[in-house]
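Residue numbers (full-length UniProt numbering): 1 to 240.
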């Protein structure tokens, strides 16, 4: 079957000059790549900065209220300072040093870790130290107070075993997320935080990861940065 025979059988398709020009325009428009620029606002915006006197550096911060916060370093120093950096209360010796070693409860009490005595203590307004949670042979590595229900979360280790335990505000254990040698999700929980949905967020420096588990202790996901090595430190959740 020749081209002429096919034309006689099925007819011919003729394109006007104007039609050819329109087809060229359509092709040119589809060949062009359209660049769409989407700008995302920064998640965290800097509001202010200030220096804190009385401590070597800031390793942990606990929010008290809009006017004052609690700052500590790794030299067992802790100070209350306002948003201008002025020390509102004299510094005193903490029981032990550490990273996420203090937290503020819903009742605005201060909790701190005591590594040597393996316990969590409450600091009263009179600056008396009262034990709240006995950890036995376990050593606390991180501490967090839930602003959702007042529970106390403690990360701890015993030799090669690591776990996160949830206590009520009276210090009674409610739930623990244990690990064994076949399920080493955590290595060293340095900082703890709780999401609004009850997820436990752990900043694990030695794992180089942010590790998230649900309220039942099941591992949800881990975040290890985007390319470069990731050394997470302090962590906090918003109200979303």
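For every residue, glycine included, the Cβ atom is placed at its ideal position computed from N, Cα and C.
- Shortest Cα-Cα distance from residue 119 to any of 135, 107, 110 and 109 involves 135.
- Exclusion of the five residues before and after residue 88 leaves 68, 80, 81 and 82 as the residues of its chain whose Cβ lies within less than 7 Å of its Cβ.
- Between residue 100 and residue 190, the CB-CB gap stays under 8 Å.
- Of the candidates 234, 50, 216 and 75, the residue whose Cα lies closest to the Cα of residue 177 is 216.
- Residue 202 and residue 184 have their C-alpha atoms some 13 Å from each other.
- Counting along the chain, residue 135 sits inside no beta strand (DSSP E), nor does DSSP assign it H or E at all.
- Counted as a single uninterrupted DSSP element, the beta strand (DSSP E) harbouring residue 213 occupies residues 209 to 213.
- Beta bridge pairing from DSSP links residue 74 with no other residue.
- Setting aside the 5 residues that flank it on each side, residue 212 is surrounded in the same chain by 199, 201, 220 and 221, each with a C-beta closer than 6 Å to its C-beta; the list follows chain order.
- Here residue 140 is actually not in contact with residue 162; their C-beta atoms are around 11 Å apart, not less than 8 Å.
- In this chain, the beta strand (DSSP E) harbouring residue 176 covers 173 to 177.
- For residue 142, the enclosing beta strand (DSSP E) starts and ends at 139 to 145.
- The criterion of a C-beta distance shorter than 8 Å is satisfied by residue 137 and residue 158.
- Around the beta-carbon of residue 232, 16 or more other beta-carbon atoms lie within 10 Å, marking it buried.
- Rounded to whole angstroms, the separation of the alpha carbons of residue 210 and residue 193 is 11 Å.
- Residue 234 and residue 50 have their C-alpha atoms spaced approximately 18 Å apart.
- For residue 120, the enclosing beta strand (DSSP E) covers residues 119 to 123.
- Beta-bridge pairing by DSSP links residue 45 to no other residue.
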